[in-house]
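Structure, as C-alpha cells:
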Amino acid sequence: MTYSSFFYSEILAIFRRKQDAVNALVFFLLVITLFPLGVSPSKEFLQPAAGGIIWCAVALAVLMSVEGMFKEDYNDGSLEQLVVSGLYLPVLVLLKLAVHWFAIMLPLLVLTPILSQMLFINWEILWVLILTLILGSPALFLIGTIGAALTVSLRRGAVLMLLIILPFYLPVIIFSTGAIAAAQVGQPYNGQLAILGAISLMTLTLSPIMAAVSIKASVN
Amino acid sequence: MTYSSFFYSEILAIFRRKQDAVNALVFFLLVITLFPLGVSPSKEFLQPAAGGIIWCAVALAVLMSVEGMFKEDYNDGSLEQLVVSGLYLPVLVLLKLAVHWFAIMLPLLVLTPILSQMLFINWEILWVLILTLILGSPALFLIGTIGAALTVSLRRGAVLMLLIILPFYLPVIIFSTGAIAAAQVGQPYNGQLAILGAISLMTLTLSPIMAAVSIKASVN
Amino acid sequence: MAFESINEFISMGTHGPYVWSVYGISLILLLGSYFASVKAKKNQIKRLKQRYLREQKS
Amino acid sequence: MNWIWFHKLGSPKWFFQWANKWSKFAFVIGLVMLVVGIAWGLGFAPADYQQGNSFRIIYIHVPSAILAQSCYLGLGVAGLVSLVWRMKMAPVFIKAVAPLGAVMAVIALISGAIWGKPTWGAWWVWDARLTSVLILFLLYMGVIAIQNSLDDMQLADKAVAVISVVGLINLPIIKYSVEWWNTLHQPATFTITAKPAMPMEMWLPLLLSTLGMYGFIAAIAMWRMQTEVLVREHRSNWVKKEILDNGI
Amino acid sequence: MISADLGKPLHSNLDLSISGLVIERSERILCDNFSCVVKAGEVARIMGENGAGKSTLLKVIAGILQPLEGQIFFSGEDISYHRDMLHRELLYLGHHAGIKAVFSVAENLNWYCPNQTSDAIELALDVVGLAGYSDTPAHQLSAGQQRRIALARLWLTDKKVWLLDEPFTALDVKGVAVLEAKIKQHTDAGGLVILTTHQALDDSLSVKEIKLV
Amino acid sequence: MISADLGKPLHSNLDLSISGLVIERSERILCDNFSCVVKAGEVARIMGENGAGKSTLLKVIAGILQPLEGQIFFSGEDISYHRDMLHRELLYLGHHAGIKAVFSVAENLNWYCPNQTSDAIELALDVVGLAGYSDTPAHQLSAGQQRRIALARLWLTDKKVWLLDEPFTALDVKGVAVLEAKIKQHTDAGGLVILTTHQALDDSLSVKEIKLV
Ligand code: HEM
Ligand SMILES: Nc1ncnc2c1ncn2[C@@H]1O[C@H](COP(=O)(O)OP(=O)(O)OP(=O)(O)O)[C@@H](O)[C@H]1O
Ligand SMILES: Nc1ncnc2c1ncn2[C@@H]1O[C@H](COP(=O)(O)OP(=O)(O)OP(=O)(O)O)[C@@H](O)[C@H]1O
Ligand SMILES: [Mg+2]
Ligand SMILES: [Mg+2]
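Residue numbers (numbering that gives the first Met the number 0), protein chains in the order written: chain A, 0 to 219; chain B, 0 to 219; chain C, 0 to 57; chain D, 0 to 247; chain E, 0 to 212; chain F, 0 to 212.
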C-alpha cells in the first residue's frame, strides 16, 4: 500500500458509493424542509432563522456522513491493515477526509443557492452564507473525524458520535450564524469569518493526529 | 427460543446498553439547545416555536435510536436465528419495539416538563404536548422500524434510513405541532389528537408485518 | 396565432424569460430522460449480443 | 372482465414482446399530442387576462405535476402487487418508473417556481400544494436511494416494494396533513386550487399536452422496463433468441 | 406410527428430502436440479469447493433464502413455502453464530434455551470447555471460544434436525473431537445432521457425502 | 553484509526475537515472560488451545496491541515502541482479511499491491483459484473465496515477514495445499512466517512449534 494507492482507492470507494453523497444532499434538503413544516412557514420566521437552519442542516448532514467514514474499514479489517501498513496514519486520515469533503461539500454548495431562496435569503447575504460554509465546513469534517474514529468500534455509534461531536460544532455554528446575522443588518462580519478560518486551520493540525490515536486505540 | 425468552433478552440487552437510552436523551437535549443558540434565545421566537422544536428533536432522537435497533442482531447472526426460530416474526418485532419504546420514551417524557420550561411553554400547554407525545410517538417508532429493517444490511445506513423515514414522520409532526398551536390560541385540538391516535393505530397493524418482510429479505 | 409578430412571441409581453426558461429546462430534462433510456437499452442489447456470441464461439 | 392480460403482464417475456409492439405507438402518439398541445398553448391560445403570457407555463406545469402523482400511485400499486403476488414485473416497474416520477416532480417544481416569480413575486412560498410536491419529490428520492444503496437485487426489490406500499398508504395522510397545516398557519394568499373557469381554447391544449405527456412517459417507462428485463433475464433462452435472431 | 426398531426413539421416522432444487445466486445457477434424501440417524456432509454453494444450500433448507425451483419435503410434507413445521425441529448454525456480544455466556444460552436449568447450562459449558466463563461477556472471548458458546446449544436442545455450516472453524483439536462425539450421539439417538466442513472428519462418524457440482 | 550461504538471498539475516513478553487482556495475563526467536527461513507455528492468546500475540507483534512488558527485536533492533521498521517488511493477515466489499477482486488487490501489473494480478488470482472472478464485487463471493482474495496478496508482495492468523479457515483442501506450498517457497527464499492454525499441517513444511501456555 502506498499513499497514492490509498488515495485512489478512497476515490474509487466514493464513486462506488456515490449514492451516499446523494443521500447526504437529500438529507440536507429534508432537514431544511422540516423547519417550515414543524415550526412556521412564514417569511417573518424563516428569513431571520435561515442562516441558523441551513447551518444546522449542514452540521447534521456532515456529521451523519462522517459518522460512517471508518465503519466499513473497521468491520472488514482494512483499518487494521492501515495501522500495520507502515504509512503515517494522520496523513491517511487527511487524504480520506479530503476526498469526503469534496464528495459531500461540493454538491451541497451547489444546492445552497436554491435552498436559500426557499428560506428567503437575499442574494447579497447568500455570498456570506457560502463564504461561511467554505471556511467553516473543513472544521466540521475535521472535528467529526475524531468522533468517527472514537466510536468506530461501537456497533451503534451514530447517537453517541452525535453526542460527542455536536458540542464542538457549536462554536462553528455560532460564528457562522453570527456572520450571517451581522450581514443581514449591514454590520461588518470579517471578524467572524477570520475566526472560522482560524478554527478550521487549528483543527487541521490537531484532528488528524487525534483521529489517528483514536483509530489505533479502537483497532484491537 | 420462546416469545418470553426473547422478550426477556431484549430487556436485558437494553439494560446492558442503558447508555444508549441516555444518549438518546442527551441528543434530544442537545438538539433543543441548538435552537436558542443557532437562531435566537428570545421568548418571542421560542414560545410559538417550542412545540415544533420539541417535536423535531423527538423525531430525530427516536429515529437515531431506532436506526440501530437490528444492526447488532444482524451482524452477530441473531437475526438469522430469529428467522429460523419458528416464532412469528412480526410479534418479535413488536416485542422489541415495545421494550425500546419504554426505554426511550419514558425518560424523554420525564424530561419534557423541564425542557418546556426552558422554551417558555405554559403548564396548561404542557399537558397537550405530553398527550401528543404519548399518542404520536408509537407511530414514530413503528414507522422507524421499517426503515431500520430495510437498511440493516448496510454498514452506513444511518443517512439512508433518515432519508426514507423522515418524510413519513411529517404528518405526525404536523398534527402534533398543530394541536399544540391550537391549544396555544385556545382552540379545540381533539381532532388532531384523534388523528394522531389513528395514525399510531394504523401503523401498529401495518408496520410489524412490513418490518418482518424487510428483515426476511435482508437476512441472506 | 395569439401574437402579432415573431418578436412578440419571443418576448411574451414581459414574461419571455420565464416562459422560455421553463420550456428550455423541461425540454432538456425530457430529452435527457429519453436519450438516457434509449441508450441504456441499446447498450444492454449490445452487451448481451457480444456475450452470447462469445459464448457461442467457446 | 378478462384478467388474462394482467397475468400475462407478469411474464417478462410476454411483457417484452407486448412492449415492443406498443411502446413505439405510445411514443409517437404521445409526442405528437405533446408537441401539438404545447405549440397550441404557446402560440395560439389567448393570453390570460390576469397573468398575461406567463400562464403559458401551465402547458408543461400541469402535465408534469399530474404525471408525478400518477407515477407515485403506480409505484404503490406495483409495490403491493410485488409483495402480495410476487409478480416478477412489479419490481421492474418500480425501478424503471421511480426516476421518471422524480424527473416529473422536478419539472413541476421548477416550472412552478419560475411561474411563481412573475405571479406571486417569489420563487417559493410554503404553500400546501407546493410543499406536497416537494415531499413527493423527497419520497421519490427515498425510493431511488434505497434502490441504489442495496447491492443485493432481491433485497433491493423487496425494499422498494415495502417503501412504495408504505408510501401508498401514507401519501393521502401526508397530503391531507400538509394541506391542513398550511390553512392553519397561514391564510391561503395564493390558491391554485380554485379553478379559473378556463375557456375552451386554453383547456383543450392543456388536455392534449397532459395526454401527450402520459404517452411519452409510458413509452420511456416501457423501454426502461425492457432494459431491466434484459438485465434480469439474460440467461433465459427467449432473450438469447430475441437478441440473436431478431437482431433487436 | 411406532417405529419397529425399538433401539430408536419415536422421532426416527423423520427425514428431509429435496427434489429438483434450483438455486440462483447473483445470476449464477448454483445447483441445478439437485435432489437428495437425508434420513433420521444420518450425518450428511455437503461436499464442494469454495464457492460451490454449500452455505447457500443450507440457508435454502433453513428457509433463509428462497430457491428458484424445487421442493423440500420434511417427514413427507411439502415445506417448500412454509418452514414452520421444520423450524419447530430445526437448529441452524451459520457462519455467524448468533452470539450477542453484550451478553454473558450463560445469558446467551438462556436466551436460546429458556427451558434449561442453570445446572444444565453449566454442564454444557463444561463439556464445551467453557467452564468458569459463564459470567464473562461474550465479546471478551477468543474466536474459538465464541464459537463454543454457540455449539453449547447442541447439548441443550431437543431439536432433531441440525444444519451446521462449518461448525469446526476456529475450534482446537479437543473441541473438534468433542463436537464429533456429540454429532455421533445425536444421530445415534435418531437425529439428523447436515453439515459442511473442509476438514477431514473422524472415521467413527459414518458420513453420507453429498456432492454439489 | 553479503551472506555466505549463496543459496539464500540477501535478506536472510532477518530475524524476530521476543524476550520477556507479558500480555494482558481483559485483566488476565495471557503470556507471562514469553520469549522466542524466529529466524529467516523458518515457519513458526504458535500452538495453544482456544483462548490461549495466539491471535493476541500476533497482534502484539504486529503492533496493533501493546504488551504490558517485554521487548521485541527485529533483525537485532529493538522495535518494541516503533514498529515502522518492521512494518516495512510486514504482511499481517488477521481474522478479518481487510477485503472491501464494494471493490472488485482486482481492485482489492490493486489497493494493497499498487506496483503490480494487471498481468501479475491475474496470475496470482489464477493460482489461488479465482481466475475469472477479477471483476466480481467481493461481497458476491463465498467465505472461502473472500479469504482467497486476501491470500492472493502473498503472491504479489515482496514483504519478508508474514504473520498469518488462521490462514487456512474456510479454505478447501486444494486451497490449503496451494497455501502450504507458497509458505514453503517463501521460507525457502529466506522469508519468515509466523502462523496459527488448529489444522494439521503438511509434513513437507518443517515447522517450529511455539507453545503458549
Ligand atoms: C413550485 C411551485 C409549484 C408547484 C410544486 C405546483 C404544483 C402543482 C400541482 C401538484 C398541481 C396539480 C395538478 C393536478 O393534479 O391537477 C398544480 C396545478 C396548477 N398549478 Fe401549480 N404549482 C406550483 C406553482 C404554481 C404557480 C406559481 C402557478 C400560477 C400562479 C400555478 C398554477 C397552477 C394551475 C393553474 C394549476 C391547474 C389547477 C388545476 O387544474 O387543478 N402553480 N400545480
Ligand atoms: N476483544 C477482547 N477483549 C477482551 N478480552 C479478549 C478480547 N479478545 C480476546 N480476549 C481474551 O484474550 C484471550 C486470548 O484471546 P485470543 O483471541 O488471542 O485467543 P486465541 O488463542 O487466538 O484463540 P482461538 O484459537 O480461539 O482463536 C481469551 O481468553 C479472551 O478471554
Ligand atoms: N451475498 C452474496 N451475494 C451474491 N452472491 C453470493 C453471495 N454469497 C455467495 N454468493 C455466490 O454464491 C456462490 C456460493 O456461495 P456459498 O457461500 O454458498 O459457497 P460455499 O460453498 O459455502 O463456499 P465456502 O466453502 O467458501 O464457504 C459463490 O460462488 C458466490 O459467487
Ligand atoms: Mg460457506
Ligand atoms: Mg484466534
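Just so you know, even glycine gets a beta-carbon here, dropped at the ideal spot from N, CA and C.
Treat the numbers as computed from the prediction; the structure is a model and nothing was measured.
Asked, Found
"Proximity to residue 172/D [Cα-Cα], best of 161/D, 151/D, 140/D, 135/D", "135/D"
"Length of the line joining the Cα atoms of residue 53/B and residue 110/B", "11 Å"
"Distance cut-off 6 Å: residue 140/E Cβ against heavy atoms of ligand 2", "yes"
"Within-7 Å CB hit, residue 48/B to chain A", "yes"
"Closer than 6 Å: residue 103/F CB and nearest ligand 5 heavy atom", "no"
"Heavy atom of ligand 4 within 6 Å of residue 25/E beta-carbon", "no"
"Contacting residues, own chain, Cβ-Cβ under 7 Å from residue 77/D (five flanking each side not counted)", "89, 92, 93, 163"
"Among 183/E, 193/E, 143/E, the one whose alpha carbon lies nearest that of residue 201/E", "183/E"
"Backbone secondary structure at residue 189/B - three-state DSSP", "helix"
"is_contact[residue 137/B, chain D] using C-beta, thresh 7 Å", "no"
"Chain D within 7 Å of residue 124/B, Cβ atoms only", "no"
"Own chain residues within Cβ distance below 6 Å of residue 63/D, not counting five before or after", "103, 106, 107"
"Delimiting residues of the alpha helix (DSSP H) encompassing residue 22/B", "17-37"
"Range of the contiguous beta strand (DSSP E) that encloses residue 72/B", "First-last for residue 72/B: 70-75, but that is the alpha helix (DSSP H), not the beta strand (DSSP E)."
"Spatial neighbours of residue 123/E in its chain, beta-carbon cut-off 6 Å, leaving aside the 5 residues before and after", "151, 154, 155"
"is_contact[residue 67/B, chain E] using C-beta, thresh 7 Å", "no"
"Distance cut-off 6 Å: residue 53/E Cβ against heavy atoms of ligand 4", "yes"
"Chain A contact residues for residue 133/D, given Cβ-Cβ distances below 8 Å", "32"
"Every unbroken alpha helix (DSSP H) inside the segment 79-135 of chain E [4 residues or more]", "83-86, 104-111, 117-126"
"Cβ-heavy atom distance, residue 47/E to ligand 7, below 6 Å", "In terms of ligand content, the structure shown lacks ligand 7 and carries ligand 1, ligand 2, ligand 3, ligand 4 and ligand 5 instead."
"Where residue 198/E meets chain F, residues with beta-carbon distance less than 8 Å", "198"
"Among 27/A, 50/A, 33/A, 41/A, nearest to residue 183/A - alpha-carbon criterion", "50/A"
"Any chain D beta carbon closer than 7 Å to residue 24/C", "yes"
"Inside the segment 135-168 of chain E only - alpha helix (DSSP H) runs reaching at least 4 residues", "142-155"
"Three CB pairs or more closer than 8 Å across the segment 58-71 of chain E and the segment 19-28 of chain E", "yes"
"Per-residue DSSP class, three states only, for residue 48/F", "coil"
"Residue 10/D versus 232/D, 239/D, 147/D, residue with shortest Cα-Cα distance", "232/D"
"For residue 103/A, the three-state DSSP class (helix, strand or coil)", "helix"
"Pair within 7 Å by beta-carbon distance, residue 292/F and residue 162/F", "Lying before the first or after the last residue shown, residue 292/F is absent from chain F, which here runs from 0 to 212."
"Outcome for residue 137/A when other beta-carbon atoms lying within 10 angstroms are tallied against a minimum of 16", "buried"
"Ligand 2 heavy atom lying under 6 Å from the CB of residue 131/E", "no"
"Nearest-angstrom beta carbon gap, residue 40/F and residue 174/F [assumed within contact, 8 Å]", "With 8 Å as the limit, residue 174/F and residue 40/F do not qualify as a contact, their Cβ atoms being about 24 Å apart."
"For residue 1/F, three-class secondary structure by DSSP", "Annotation note: pLDDT 39 at residue 1/F (below 50); position unreliable, no value reported."
"Contacting positions in the segment 42-57 of chain E - beta carbon closer than 7 Å to chain F", "48, 49, 50, 54"
"Check whether residue 113/D and residue 22/C have beta carbons under 7 Å apart", "no"
"Residue 95/F vs residue 76/A beta-carbon contact at 7 Å", "yes"
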